[in-house]
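Colleague: Residue numbers (my numbering), protein chains in the order written: chain W, 9 to 135; chain B, 9 to 135. Ideal Cβ placement from N, Cα and C applies to all residues, glycine included.
There are 2 protein chains.
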Amino acid sequence: MHGRHGHRGGGGRGAGYGRADHLLEPALLCSLQQGATHGYGLSEQLAEFGLESVPLRRVYRALQGLEGAGWVSSDWETSQTQGPPRRVYALTLEGRQLLHDWMAHLRESRAAIDRLLEAYERSNGRA
Amino acid sequence: MHGRHGHRGGGGRGAGYGRADHLLEPALLCSLQQGATHGYGLSEQLAEFGLESVPLRRVYRALQGLEGAGWVSSDWETSQTQGPPRRVYALTLEGRQLLHDWMAHLRESRAAIDRLLEAYERSNGRA
DNA sequence: TTTGACTATTGACATAGTGACTATAGTCTG
DNA sequence: CAGACTATAGTCACTATGTCAATAGTCAAA
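Okay, here's the thing in structure tokens:
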């Protein structure tokens, strides 16, 4: 049996074994924690996390997935835009919980990376 | 095949956002650095890196991919096994270089995770 | 010697995730 | 009006992964 972190029913994203998986979704949720925004704007905020080169298409898809799972909700904003209508996303309560869990998961990922890095330097006889 | 891993040289390469991805391949290369082994054995060694729940099938596939790219090489070992013949993998020189690059990449991933974790704790008003 | 547990690798098919290209459409500036 | 920028989404091809199962050798107990 796999030690997956199975909670939250949305069948979708199977993070599976991979400790150090996508940073995109957690980064989006983290941004949304500071206030609702639309995908295009979020895409620009990703630079803060070093995710500046994530394709826009992927940001939108991630948001659609997050919404499908109930972790964010969206509404159209038709005025006050600098272009066509925007779909503005907001964190749901469940999303807030997920974000919390996700952060714990990331701490594990970081620990796994550390173990690997240490093993490399050890067996490498130091650089 | 495994398109990515544009690594080495070209600063460009599509990466960038995919920071914290697979630990499996680097972990395999890291293990192989300490001596050649077969997939089944490697699969057991993965526990050291916290990757105990990676499906065997995936380990084999990863090794096939690594070999296809020239980063490891393999030979059959028919005697001295505790079962059927084993395919024993060894790091190539290119694999050694890749491992080095990969570790640098992992340090970046680690930093990205840190940034995210910090942003979370900051905007979260601390837990 | 047959059975079952463990070792060991791989094939095949379905499905999920991604990249690249394309379509649509509103706003703003000149 | 043209053209740049804002803003979101469809589609298709390719890749990665999950899952089930096939194959096969060794070893120890019944």
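With respect to the beta strand (DSSP E) encompassing Trp178/B, which residues constitute its N-terminal and C-terminal limits?
Modeller: Shown here, chain B extends from 9 to 135; a query on residue 178/B therefore has no answer.
Colleague: Give the straight-line distance between the Cα atoms of Ile121/B and Ala98/W, rounded to the nearest whole angstrom.
Modeller: Taking the first residue of the second sequence as position 1, residue 121/B is located at position 113. Taking the first residue of the first sequence as position 1, residue 98/W is located at position 90. Going by the C-alpha atoms only, they are around 23 Å apart.
Colleague: Please identify the residue among Ala112/B, Pro63/B, Asp83/B and Ser87/B whose C-alpha is closest to the C-alpha of Pro34/B.
Modeller: Reading the second sequence from its first residue, position 26 is the one you call residue 34/B. When each option's Cα is compared against that of Pro34/B, the closest is Ala112/B.
Colleague: Quick check on His10/B - is its C-beta less than 8 Å from some C-beta in chain W?
Modeller: Along the second sequence, read from residue 1 onward, the residue named residue 10/B stands at position 2. Note that His10/B scores a pLDDT of 34, beneath 50, so its modelled location is shaky; the value from the coordinates is reported in the next line. For His10/B, the answer is no, since every Cβ of chain W falls outside 8 Å of its Cβ.
Colleague: Would you kindly work out how many angstroms separate the C-alpha atoms of His46/B and Leu125/W, rounded to a whole number?
Modeller: Here residue 46/B refers to the residue found at position 38 when the second sequence is read from its first residue. Here residue 125/W refers to the residue found at position 117 when the first sequence is read from its first residue. If I take the Cα positions, the gap works out to 22 Å.
Colleague: Measure the Cβ-Cβ separation of Gln41/B and Leu107/B and say whether it is below 8 Å.
Modeller: Along the second sequence, one-based indexing puts residue 41/B at 33. Along the second sequence, one-based indexing puts residue 107/B at 99. Yes, they are a contact pair.
Colleague: Taking Gly76/B as the reference, which of Thr100/B, Val62/B, Ser61/B and Glu85/B has the closest Cα?
Modeller: Taking the first residue of the second sequence as 1, we reach residue 76/B at position 68. If we check each option's Cα against that of Gly76/B, Thr100/B comes out closest.
Colleague: Once DSSP output is grouped into helix, strand and coil, what is the label at Ala77/W?
Modeller: Within the first sequence, numbered from 1, the residue matching residue 77/W stands at position 69. Three-state result, Ala77/W: coil.
Colleague: Considering only the beta carbon of each residue, do Leu59/W and Gly103/W sit closer than 8 Å?
Modeller: By 1-based counting over the first sequence, the position of residue 59/W is 51. By 1-based counting over the first sequence, the position of residue 103/W is 95. Not closer than 8 Å, so no.
Colleague: Return the residue from the list Gly91/W, Leu114/W, His30/W and Ser39/W that minimises the CA-CA distance to Asn132/B.
Modeller: Position 124 of the second sequence, counting from 1, holds the residue named residue 132/B. Taking only the C-alpha atoms, the option nearest Asn132/B is Ser39/W.
Colleague: Tell me, please, whether the CB atom of Gly58/B is closer than 8 Å to any CB atom in chain W?
Modeller: Counted from its first residue, the second sequence places residue 58/B at position 50. For Gly58/B, the answer is yes, since a Cβ of chain W falls inside 8 Å of its Cβ.
Colleague: Is there a Cβ of chain W sitting closer than 8 Å to that of Ser51/B, yes or no?
Modeller: Numbered from 1 along the second sequence, position 43 holds the residue referred to as residue 51/B. By this cut-off, Ser51/B is not an interface position.
Colleague: Using the rule of at least 16 other Cβ atoms within 10 Å of the residue's Cβ for burial, across every protein chain shown, is Ala119/B buried or exposed?
Modeller: Residue 119/B sits at position 111 when you count from the first residue of the second sequence. Per the 10 Å Cβ criterion, exposed.
Colleague: In this structure, how does DSSP classify Ala120/W when only helix, strand and coil are distinguished?
Modeller: What you label residue 120/W is simply residue 112 of the first sequence in a count that begins at 1. Helix.
Colleague: In chain order, what residues of the same chain have a beta carbon less than 8 Å from the beta carbon of Trp84/W, not counting five sequence neighbours either side?
Modeller: Numbered from 1 along the first sequence, position 76 holds the residue referred to as residue 84/W. Only Pro93, Arg94, Arg95 and Val96 meet the Cβ criterion.
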